[in-house]
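In our numbering, the protein residues as written are 18 to 188.
In this text, a Cβ means the ideal position worked out from N, Cα and C, and glycines have one as well.
Quantities reported herein were computed from a predicted structural model and do not represent experimental measurements.
See below for the structure under consideration.
Next up, the structure:
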């Protein structure tokens, strides 16, 4: 499988979150979870003065831009490029250029991978999040997203749930 890289997509100003939601819905509908790994609108904490009072607010770091971690191929390029609100990829002409490690560092996006001691078929207990204290068997592992899928009992039915590596431990 090809390497996933971070790309910058230009959007209409104010459409960043809408573009993010639309791309995520398309990923789900077209089952591109293995090719488009993450969509981000980088935010930063800013202190604003309003009516003499300080207020902490979230502001977009790059208005008009969305970051996407994906494997570049014709399908993923087409999906992103034809999303409503997207004007194009950042790069010369029509060729998207991935961000380098040096460009990613100031954004606080770390590519640190988690080393795990479990595999498919192992029983694990969830140690964080909404499913805390739930016990389940690993059905599949997604190393690129650093998550496992376990079956949990929900309303008397086995339901697959995706959980981060950091929220489970081997029994």
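Assuming residue i and residue j make a contact with CB atoms under 8 Å, what is their CB distance in whole Å?
{"i": "residue 225", "j": "residue 114", "result": "Missing from the structure shown is residue 225; the chain here goes from 18 to 188 and no further."}
{"i": "residue 88", "j": "residue 37", "result": "Contact doesn't hold; Cβ gap of about 18 Å is too wide."}
{"i": "residue 170", "j": "residue 144", "result": "Not really, about 18 Å apart at Cβ, beyond 8 Å."}
{"i": "residue 155", "j": "residue 142", "result": "No, residue 155 and residue 142 are not in contact; Cβ-Cβ is about 11 Å, not under 8 Å."}
{"i": "residue 62", "j": "residue 73", "result": "6 Å"}
{"i": "residue 49", "j": "residue 93", "result": "7 Å"}
{"i": "residue 151", "j": "residue 157", "result": "That belief does not hold up - the Cβ atoms of residue 151 and residue 157 are roughly 17 Å apart, past 8 Å."}
{"i": "residue 32", "j": "residue 105", "result": "Rounded, the Cβ-Cβ distance is 13 Å, inconsistent with contact."}
{"i": "residue 124", "j": "residue 86", "result": "Not really, about 12 Å apart at Cβ, beyond 8 Å."}
{"i": "residue 81", "j": "residue 28", "result": "6 Å"}
Locate the alpha helix (DSSP H) running through residue i, then write down its first and last residues.
{"i": "residue 121", "result": "118-121"}
Could you check what DSSP says for residue i in three-state terms: helix, strand or coil?
{"i": "residue 82", "result": "strand"}
{"i": "residue 39", "result": "helix"}
{"i": "residue 139", "result": "coil"}
{"i": "residue 191", "result": "Absent from the structure is residue 191, since the part of the chain shown begins at 18 and ends at 188."}
{"i": "residue 47", "result": "helix"}
{"i": "residue 65", "result": "strand"}
{"i": "residue 183", "result": "helix"}
{"i": "residue 34", "result": "helix"}
Quick check on the DSSP output: the beta strand (DSSP E) that includes residue i runs from which residue to which?
{"i": "residue 145", "result": "Note, residue 145: premise wrong, no beta strand (DSSP E); not H, not E."}
{"i": "residue 153", "result": "152-159"}
{"i": "residue 170", "result": "164-171"}
{"i": "residue 75", "result": "70-77"}
{"i": "residue 29", "result": "Careful: residue 29 lies outside any beta strand (DSSP E) and carries neither H nor E."}
Beta-carbon of residue i versus every beta-carbon of chain B: anything under 8 Å?
{"i": "residue 160", "result": "The chain labelled as chain B is not found in the depicted structure, where only one protein chain is given."}
#### Entry: Inter-stretch contact (C-beta, 8 Å, three-pair minimum) for the region 159-178 and the region 57-70
With fewer than three CB-CB distances shorter than 8 Å, the region 159-178 does not count as touching the region 57-70.
### Task
Say whether the region 115-122 touches the region 48-65, bearing in mind that this needs 3 or more beta-carbon pairs closer than 8 Å, one atom from each stretch.
The answer is no - the region 48-65 does not touch the region 115-122, with fewer than three Cβ pairs under 8 Å.
### Query
When the Cβ atoms of the region 37-55 are set against those of the region 131-141, are three or more pairs found closer than 8 Å?
Touching, no, given that fewer than three Cβ pairs across the two stretches are closer than 8 Å.
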